[in-house]
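If you read the sequences in order, they're chains E and L. With our numbering as the guide, the letters of the first sequence map in order to residues 1 to 79. With our numbering as the guide, the letters of the second sequence map in order to residues 1001 to 1247. From the three backbone atoms N, C-alpha and C, an ideal C-beta is built for every residue, glycine too.
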Amino acid sequence: MTNVEKLNNIFIEVFGATVEQLGDNYCKENVADWDSVHQLGIISGMEETFDLMLDPEDIMACTSYNAAKDILAKNGVEI
Amino acid sequence: MELLLKDKVCIVTGAGRGIGRTIAETFASEGAIVYAIDILADDLLWVDNISQTNLLIRKVIVDICDFELVKSTLMSIKRDCGHIDVLVNNAGLISYELMSFIDFDKLKKMFNVNVISLIYLMQLCSRIMSRQHSGSIINMASMVGVKGAKGQLGYSATKGAVVSATLSAAKELANDHIRVNAIAPGMVGTRRFKNVLEEKFADKINDIPFGRLAEPQEIANTCLFLASDLSSYITGQIIGVDGGIVL
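Structure below.
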């Protein structure tokens, strides 16, 4: 499984999203369920899956699918 | 009888001596894998002798104010053990002075160790514990943080912050089944306290109905209770261990 597929699975599990939905427009503004609890769910999934412990600024910045990819790249995950 | 902390991974800060060391030893004797954290390597030399026994205590020399080091330490523990079950935030600085004599550099340092680092450790450990849907966090408060004390404004303010941080964290983490409690000791007969006792608090011993100081083991026993499943339905509590002291 690629790292993108692993990230997709986290979004699918947390938001019930489909792979087709996951793209540039999948963000806090466009996803009705996106609240702080779901955001922490994404963070928790990323930390567990990729063996990370993210900084508070990354946690706050994780407000879209693309931002999640950027955060993973910033933390050394090939994405 | 089953050991109370069998195979639980427990982190104890300020484990070099006094109450922290007693907590670490008590936890290990109940089957825990203990990570004893302290800033001073010399204070953790006692762990080397423990390694000749069956007790599982691993020493970690870390300044808990160094956030990067704290983070990498916790990640390393998580990688090695797969889980973190108990965090005891015991490390702390103490000072005794009247309000007019407060040294603000010292006060800021005390807040950094007693409060800011404690919150950071709770933040990181709770993220690991939330994925397990279990965990116990125990913060070392103090009766002076609950009731105040003349000549200890700075210290009592840090411990008051520990009390409120404990109460808020307990509410925030309850849904993840992470319990957060604090212990508020009165006067404890550690070597450090006995050194200042005669100078500053000789008359205060009369304010303790039990007529004696607490033993570090009595604090550790309370900590053991809060760490174990014996307290599985207890969270958001500040437990006084004070012999009925009147401050």
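Only counting the same chain, and skipping five residues up and downstream in sequence, which positions put a Cβ closer than 7 Å to that of residue i?
i: L:Lys1106; result: Ser1095
i: L:Glu1218; result: Val1241
i: L:Ile1271; result: The structure shown does not extend to residue 1271 of chain L, since chain L spans only 1001 to 1247, so no value can be given for it.
i: L:Thr1073; result: Val1060, Val1062
i: E:Glu81; result: For residue 81 of chain E there is no data in the structure shown, the boundaries of chain E being 1 and 79.
i: L:Ala1149; result: Ser1156, Leu1247
i: L:His1133; result: Asp1176, His1177
i: E:Leu22; result: Asn8, Phe11, Tyr65
i: L:Val1163; result: Ala1141, Gly1145, Val1146, Ala1182, Ile1238
i: L:Pro1209; result: Gly1243, Gly1244
i: L:Thr1222; result: Ile1183, Ile1239, Val1241
i: E:Asp24; result: Asn66
i: L:Phe1067; result: Tyr1120
For residue i, which residues in the same chain have their Cβ closer than 8 Å to its Cβ, ignoring the five residues on either side in sequence?
i: L:Val1086; result: Leu1005, Lys1008, Val1009, Cys1010, Ile1011, Phe1027, Ala1032, Gly1135, Ser1136, Ile1137, Ile1138, Ala1227
i: L:Gly1151; result: Tyr1096, Glu1097, Leu1098, Lys1200
i: L:Cys1125; result: Ile1011, Leu1074, Ile1084, Leu1087, Gly1135, Ile1137
i: E:Asn75; result: Phe50, Leu52, Leu54, Asp58
i: L:Gly1154; result: Ser1095, Glu1097, Ile1102, Lys1106, Leu1107, Met1110
i: L:Ser1051; result: Ile1057
i: L:Ala1036; result: Val1012, Ala1015, Gly1016, Gly1020, Arg1021, Ala1024, Leu1044, Val1047, Ile1057, Arg1058, Lys1059, Val1060
i: E:Cys27; result: Trp34, Thr63, Ser64, Tyr65, Asn66, Ala67
Can you round the beta-carbon distance between residue i and residue j to whole angstroms, since I take them to be within the 8 Å contact cut?
i: L:Gly1082; j: L:Pro1216; result: L:Gly1082 to L:Pro1216, Cβ: 31 Å. No contact.
i: L:Val1088; j: L:Ile1023; result: 6 Å
i: L:Leu1003; j: L:Glu1030; result: 5 Å
i: L:Ser1187; j: L:Ala1220; result: The residue asked about is misnamed: residue 1187 of chain L is Met in this sequence, not Ser. About 16 Å separates the two Cβ atoms, so there is no contact after all.
i: L:Leu1056; j: L:Val1034; result: 7 Å
i: L:Gly1014; j: L:Asp1042; result: Contact flag wrong, Cβ pair sits at about 14 Å.
i: L:Val945; j: L:Ile1064; result: The structure shown has nothing for residue 945 of chain L, since chain L only spans 1001 to 1247.
i: L:Ala999; j: L:Ile1238; result: This structure gives no information on residue 999 of chain L, because the portion of chain L shown stretches from 1001 to 1247.
i: L:Val1246; j: L:Asp1207; result: 5 Å
i: L:Ala1184; j: L:Thr1235; result: About 16 Å separates the two Cβ atoms, so there is no contact after all.
i: L:Leu1093; j: L:Met1110; result: 5 Å
i: E:His38; j: E:Val19; result: That pair is no contact at about 18 Å.
i: E:Glu42; j: E:Ala68; result: Note that residue 42 of chain E is Ile in the sequence shown here, rather than Glu. Right, the Cβ-Cβ distance comes to about 6 Å (below 8 Å), so this counts as a contact.
i: L:Gly1016; j: L:Leu1040; result: 6 Å
i: L:Lys1078; j: L:Ile1128; result: 6 Å
i: L:Arg1131; j: E:Ser44; result: 6 Å
Let's see if you can read the secondary structure: which residues bound the beta strand (DSSP E) around residue i?
i: L:Cys1010; result: 1009-1013
i: L:Tyr1096; result: Taken as a continuous stretch (DSSP letters only), L:Tyr1096 belongs to no beta strand (DSSP E), as it is neither H nor E.
i: L:Gly1240; result: 1238-1241
i: L:Ile1061; result: 1056-1061
Tell me the residue span of the alpha helix (DSSP H) that contains residue i.
i: E:Ala67; result: 65-74
i: L:Gly1031; result: No alpha helix (DSSP H) contains L:Gly1031, which DSSP labels as neither H nor E.
i: L:Asn1089; result: No alpha helix (DSSP H) holds L:Asn1089; the beta strand (DSSP E) holding it covers 1086-1089.
i: E:Ile10; result: 3-15
i: L:Leu1107; result: 1104-1111
i: L:Phe1225; result: 1216-1227
i: L:Leu1074; result: 1067-1081
i: E:Gly41; result: 36-50
i: E:Glu20; result: Taken as a continuous stretch (DSSP letters only), E:Glu20 belongs to no alpha helix (DSSP H), as it is neither H nor E.
i: E:Pro56; result: 56-61
i: L:Ile1050; result: 1046-1050
Within the same chain, show all residues whose beta-carbon is closer than 6 Å to that of residue i, passing over the 5 residues directly before and after it, in chain order.
i: E:Ala17; result: Phe11
i: L:Ser1117; result: Ile1064, Cys1065
i: L:Ser1231; result: Phe1225
i: L:Leu1167; result: Gly1236
i: L:Gly1160; result: Gly1145
i: E:Glu5; result: none
Would you say the beta carbon of residue i comes nearer than 8 Å to a heavy atom of the ligand ADP?
i: L:Gln1152; result: Looking at this structure, you won't find the ligand ADP or any other ligand, since it has none at all.
Do three or more CB pairs link the region 1168-1184 of chain L to the region 1213-1230 of chain L at distances below 8 Å? Yes, the region 1168-1184 of chain L is in contact with the region 1213-1230 of chain L.
Can you find at least 3 beta carbon pairs, one from the region 30-43 of chain E and one from the region 62-69 of chain E, that sit closer than 8 Å? yes
Quick test of the definition: if touching needs 3 or more C-beta pairs under 8 Å, does the region 6-20 of chain E touch the region 38-50 of chain E? yes
Could you tell me which uninterrupted alpha helix (DSSP H) segments, each at least 4 residues in length, are contained entirely in the region 1118-1192 of chain L, listed from first to last along the chain? Counting whole runs of 4 or more residues, the region 1118-1192 of chain L contains the alpha helix (DSSP H) stretches 1143-1147, 1153-1173.
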